[in-house]
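Which chain is which? The protein sequence lines are A and B, in order. Numbers in my numbering are just positions in the first sequence, counted from 1, shifted up by 45. Numbers in my numbering are just positions in the second sequence, counted from 1, shifted up by 45. The beta-carbon is built from N, C-alpha and C at its ideal position, and this holds for glycine as well. Since we're looking at a predicted model, the values are computed, not measured. A quick write-up on the structure given underneath.
There are 2 protein chains.
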Amino acid sequence: MSERQNTRVLLAERPVNRAPVESDFRVERGAMPEPGEGEVLIRNLFLSLDPYMRGRMSAAKSYAEPVAIGGVMAGEAVGRVVSSRHPGCQPGDLVLAHTGWQEYAAVPGERVTKVDPDLAQPSHYLGVLGMPGMTAYCALLYLGEPQPGQTVLVSAASGAVGQVVGQIAKIRGCRVVGVAGSDEKVAYVRDELGFDAALNYKKPDGSPKDFEALSQEIAALCPDGINIYFDNVGGLVHDAALANIAQFGRIIVCGTISVYNELEKQDIGRRWMRQLLVKRARMEGFLVFDHAHRTEEFRQTMAAWLREGRIVFREDVAEGIEAAPRAFIGMLSGANRGKQLVRTGQE
Amino acid sequence: MSERQNTRVLLAERPVNRAPVESDFRVERGAMPEPGEGEVLIRNLFLSLDPYMRGRMSAAKSYAEPVAIGGVMAGEAVGRVVSSRHPGCQPGDLVLAHTGWQEYAAVPGERVTKVDPDLAQPSHYLGVLGMPGMTAYCALLYLGEPQPGQTVLVSAASGAVGQVVGQIAKIRGCRVVGVAGSDEKVAYVRDELGFDAALNYKKPDGSPKDFEALSQEIAALCPDGINIYFDNVGGLVHDAALANIAQFGRIIVCGTISVYNELEKQDIGRRWMRQLLVKRARMEGFLVFDHAHRTEEFRQTMAAWLREGRIVFREDVAEGIEAAPRAFIGMLSGANRGKQLVRTGQE
Numbered sequence: 046m047s048e049r050q051n052t053r054v055l056l057a058e059r060p061v062n063r064a065p066v067e068s069d070f071r072v073e074r075g076a077m078p079e080p081g082e083g084e085v086l087i088r089n090l091f092l093s094l095d096p097y098m099r100g101r102m103s104a105a106k107s108y109a110e111p112v113a114i115g116g117v118m119a120g121e122a123v124g125r126v127v128s129s130r131h132p133g134c135q136p137g138d139l140v141l142a143h144t145g146w147q148e149y150a151a152v153p154g155e156r157v158t159k160v161d162p163d164l165a166q167p168s169h170y171l172g173v174l175g176m177p178g179m180t181a182y183c184a185l186l187y188l189g190e191p192q193p194g195q196t197v198l199v200s201a202a203s204g205a206v207g208q209v210v211g212q213i214a215k216i217r218g219c220r221v222v223g224v225a226g227s228d229e230k231v232a233y234v235r236d237e238l239g240f241d242a243a244l245n246y247k248k249p250d251g252s253p254k255d256f257e258a259l260s261q262e263i264a265a266l267c268p269d270g271i272n273i274y275f276d277n278v279g280g281l282v283h284d285a286a287l288a289n290i291a292q293f294g295r296i297i298v299c300g301t302i303s304v305y306n307e308l309e310k311q312d313i314g315r316r317w318m319r320q321l322l323v324k325r326a327r328m329e330g331f332l333v334f335d336h337a338h339r340t341e342e343f344r345q346t347m348a349a350w351l352r353e354g355r356i357v358f359r360e361d362v363a364e365g366i367e368a369a370p371r372a373f374i375g376m377l378s379g380a381n382r383g384k385q386l387v388r389t390g391q392e
Numbered sequence: 046m047s048e049r050q051n052t053r054v055l056l057a058e059r060p061v062n063r064a065p066v067e068s069d070f071r072v073e074r075g076a077m078p079e080p081g082e083g084e085v086l087i088r089n090l091f092l093s094l095d096p097y098m099r100g101r102m103s104a105a106k107s108y109a110e111p112v113a114i115g116g117v118m119a120g121e122a123v124g125r126v127v128s129s130r131h132p133g134c135q136p137g138d139l140v141l142a143h144t145g146w147q148e149y150a151a152v153p154g155e156r157v158t159k160v161d162p163d164l165a166q167p168s169h170y171l172g173v174l175g176m177p178g179m180t181a182y183c184a185l186l187y188l189g190e191p192q193p194g195q196t197v198l199v200s201a202a203s204g205a206v207g208q209v210v211g212q213i214a215k216i217r218g219c220r221v222v223g224v225a226g227s228d229e230k231v232a233y234v235r236d237e238l239g240f241d242a243a244l245n246y247k248k249p250d251g252s253p254k255d256f257e258a259l260s261q262e263i264a265a266l267c268p269d270g271i272n273i274y275f276d277n278v279g280g281l282v283h284d285a286a287l288a289n290i291a292q293f294g295r296i297i298v299c300g301t302i303s304v305y306n307e308l309e310k311q312d313i314g315r316r317w318m319r320q321l322l323v324k325r326a327r328m329e330g331f332l333v334f335d336h337a338h339r340t341e342e343f344r345q346t347m348a349a350w351l352r353e354g355r356i357v358f359r360e361d362v363a364e365g366i367e368a369a370p371r372a373f374i375g376m377l378s379g380a381n382r383g384k385q386l387v388r389t390g391q392e
């Protein structure tokens, strides 16, 4: 790869009510960006791929603007400063920035966050020490308010957020049950991460179990009901969890990946208002940027847990920016094993 | 009416996935109850009719046991102690008790609450100073946490709970918008209760408006979105409210009367998980008996508001226990004007 060229991934087409395909993206090789006054030029090391990006591909109303057709796909990366026209950054600094899906980016210096390379490996700033880890931490502790002995169910349990949720819940003395989409993932969260139990929401043929079977399976693993359901997925697993919610249970709506390919349609299905009333349960939406004031608390706490080996974190690294579309499409259907990253540069 | 006879209303048949009809009840005249050791004999003055009783007619799982076929319909009443075999009650005491739908009842003394006849008229202990008023008070203030200048939308706005919700929200400095099922009710909450605005969710022909029309009408009356939606009904109005929920909005699930005739079926419809997430909104079920520790605070506060004329309360009184089934059926379809009561005895 020449130092004089930059490879980027653009949004070519919006997938409407369908899963994204590779032709929705365009990989383009072009000139290096030139940092303007106050900007820094960053060479990315790792790009983060996250489910929320499916929302950015859609023109449906959301909490953030969609990516324009022909625009660089939105995304956060960790990289090294190549050159700086901002007093706060020096060449060689390790930084976190919303660069989009590209190898190099010129970013305003005030939107760049320096990170401490001694605290953890660089990729962790996109995962366990970054947005997904902080999502798990703030949503579980501040919306969920877990108490020792309570039962926490987490969906997408082996994903970037789910694996952290379960381990923090264990630290807090909860009984933790994970839901995942393969026997391998189920074994991972139970045997490697120390979840008390886990179950596969899919049948051996890969199709989802039916609602009755799944809710009975959850009931058997959560005999006293679910005190906290950490919902990363919506849809079927949400329904089976709600059928088992305990009195005064909390449902944290953190993601709805099961309906991300139908964002332009109404989500029609079972409604649980009567259940919320009967169980006096609370369902609440979560976005991590409302908790920005907790960043330092989170970083310090999580770094300590990592150091002490109380939290482990699995990453799934695709090689090269060109691999990003395929890795992203795979992640949306659960093909990843842990936090999905793309290595965009070697050191 | 002979002093030696007692007229009661029994559950004859469970309505399943349909509205109750008069033949689901049986009015029976029989012997006076005999108070046993520790019991008091009460002559009821007013019986309360409340939407939750539709749930008690159903065998579907809920927070309380269903009424048995052939059993006296469950309900709370205010009445006068006739004779007492419990040291805490004297003949002539004005009391509140779960007597069921009947003129006389023998009730364990420890389950009887003496009420203060000087604080308010007896019927108010079933309404504005009773369970519906306390529901409005605790749910709005402790789940809703209203702030001055915020917009509160309340459904079934002229009902026993709704009229109190709106007036408390006004006392707290909120902008209050009511939803009701007739132009007369709309005029009542706007012109008599001082709501800032109100709208009829029905078309002139009595059929409900469609979702788009209703949500646009709400949007026009709540231009900054809804900070608190006090939901007494579920269904269509819930959907139109959720479409307009503001960032960090709260949805208090207090009743689901729109689906009470389909309790045995799944409530299938639009789901708002994505909206909860995007708006970081909170939806929470409410039952007043979780707030029993707030009874004294509520009674004192509400009595003061009544004395000062800051809260007014409309009651709709049906005459005679025999009228209870028809009044109850009417209430479920919105025929009542204000809190529905049955006068079961004169003084």
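Hey, out of the options, whose CA is closest to residue i's CA?
i: A:Arg327; options: A:Val160, A:His336, A:Trp317 and A:Phe334; result: A:Trp317
i: B:Ala363; options: B:Ile297, B:Lys384 and B:Glu309; result: B:Lys384
i: A:Cys299; options: A:Met118, A:Thr180, A:Gly115 and A:Pro167; result: A:Thr180
i: A:Val199; options: A:Ala214, A:Leu188, A:Tyr187 and A:Glu190; result: A:Ala214
i: A:Ile87; options: A:His143, A:Ala151, A:Arg325 and A:Ile313; result: A:Ala151
i: A:Gly379; options: A:Asn289, A:Thr158 and A:Lys247; result: A:Lys247
i: B:Gln195; options: B:Leu185, B:Gly218 and B:Cys183; result: B:Gly218
i: B:Leu281; options: B:Ala184, B:Arg315 and B:Ala205; result: B:Arg315
i: A:Glu79; options: A:Tyr149, A:Gly124, A:Phe343 and A:Glu329; result: A:Tyr149
i: A:His338; options: A:Leu90, A:Cys183, A:Gln391 and A:Asp312; result: A:Cys183
i: B:Ser303; options: B:Ala225, B:Ala258 and B:Ile290; result: B:Ala225
i: A:Asp276; options: A:Ile297, A:Asn89 and A:Arg101; result: A:Ile297
i: B:Leu341; options: B:Thr158, B:Asp241, B:Gln391 and B:Ser260; result: Here residue 341 of chain B turns out to be Glu, not Leu, going by the sequence shown. Comparing Cα-Cα distances from B:Glu341 to each of B:Thr158, B:Asp241, B:Gln391 and B:Ser260, the minimum goes to B:Thr158.
Can you list, in chain order, the residues of its chain whose CB lies under 7 Å from that of residue i, leaving out five sequence neighbours each side?
i: B:Arg38; result: Only positions 46 to 392 of chain B appear in the structure, and residue 38 of chain B is not among them; the question remains open.
i: B:Gln135; result: Val126 and Ser129
i: A:Pro153; result: Gly83 and Glu84
i: A:Asn289; result: Ser260, Ile263, Ala264, Cys267, Gly270 and Ile271
Considering only DSSP beta bridges, list what residue i is partnered with.
i: B:Ala150; result: B:Ile87
i: A:Val362; result: A:Leu386
i: B:Arg8; result: Only positions 46 to 392 of chain B appear in the structure, and residue 8 of chain B is not among them; the question remains open.
i: A:Gln50; result: A:Ala76
i: A:Lys159; result: A:Val140
i: A:Asn245; result: A:Ala225
i: B:Arg327; result: A:Glu329 and B:Arg295
i: B:Ser93; result: B:Leu386
i: A:Gly124; result: A:Asn89 and A:Val140
i: B:Phe70; result: B:Leu56
i: A:Ile271; result: A:Ile290
Could you pull out every residue in the same chain whose Cβ sits closer than 8 Å to the Cβ of residue i, ignoring the five residues on either side in sequence?
i: A:Ser47; result: The pLDDT assigned to A:Ser47 is 45, lower than 50, so where the model puts this residue is not dependable; a value taken from the coordinates is nonetheless given after this. The answer is none, since no qualifying residue turns up.
i: A:Ala348; result: Leu164, Ala165 and Leu174
i: A:Val61; result: Ser103 and Glu309
i: A:Arg382; result: Ser203, Glu229, Lys230, Tyr233, Arg359 and Asp361
i: A:Leu332; result: Tyr108
Tell me which same chain residues have a C-beta within less than 6 Å of the C-beta of residue i, skipping the five on either side of it?
i: A:Tyr305; result: Arg99
i: A:Ala369; result: Val54, Trp146 and Val387
i: A:Ile356; result: Gln212 and Trp350
i: A:Gln50; result: Arg74
i: B:Thr389; result: Asn89, Leu92, Glu148 and Ile366
If residue i and residue j are in contact, beta carbons under 8 Å, what's the gap, nearest whole angstrom?
i: B:Val209; j: B:Val231; result: Not confirmed; about 17 Å, so no contact.
i: B:Thr301; j: B:Gly270; result: Contact flag wrong, Cβ pair sits at about 23 Å.
i: B:Leu139; j: B:Pro167; result: 6 Å
i: A:Gly239; j: A:Gly223; result: That belief does not hold up - the Cβ atoms of A:Gly239 and A:Gly223 are roughly 10 Å apart, past 8 Å.
i: A:Val221; j: A:Val206; result: Actually they are not in contact, since the Cβ atoms of A:Val221 and A:Val206 sit about 14 Å apart, beyond 8 Å.
i: B:Glu329; j: A:Leu188; result: Not quite, the Cβ-Cβ distance comes to about 12 Å (not below 8 Å), so this is no contact.
i: A:Val419; j: A:Leu141; result: Within the shown structure, residues of chain A are numbered from 46 to 392, placing residue 419 of chain A beyond reach of any answer.
i: A:Leu44; j: A:Phe91; result: There is no way to answer for residue 44 of chain A, as the model of chain A reaches only from 46 to 392.
- Query: Which residues, in chain order, does the segment 323-352 of chain B contribute to contact with chain A at a C-beta distance below 7 Å?
  - Reply: Val323, Lys324, Arg325, Ala326, Arg327, Met328, Glu329, Gly330, Phe331, Leu332 and Asp335
- Select from the segment 189-215 of chain A all residues with a C-beta closer than 8 Å to any C-beta belonging to chain B, and list them in chain order. none
- Item | Against chain B: residues of the segment 95-113 of chain A by CB proximity under 7 Å | Ser107 and Tyr108
- Name, going along the chain, the residues of the segment 297-315 of chain A whose beta-carbon falls closer than 8 Å to a beta-carbon of chain B. Val298, Cys299, Gly300, Thr301, Val304, Leu308, Gln311, Asp312, Ile313, Gly314 and Arg315
- Message: Any C-beta of chain A within less than 8 Å: which residues of the segment 272-292 of chain B qualify?
- Response: Asp276, Gly279 and His283
- Query: Along the segment 157-183 of chain B, what residues have a CB closer than 9 Å to any CB found in chain A?
  - Reply: none
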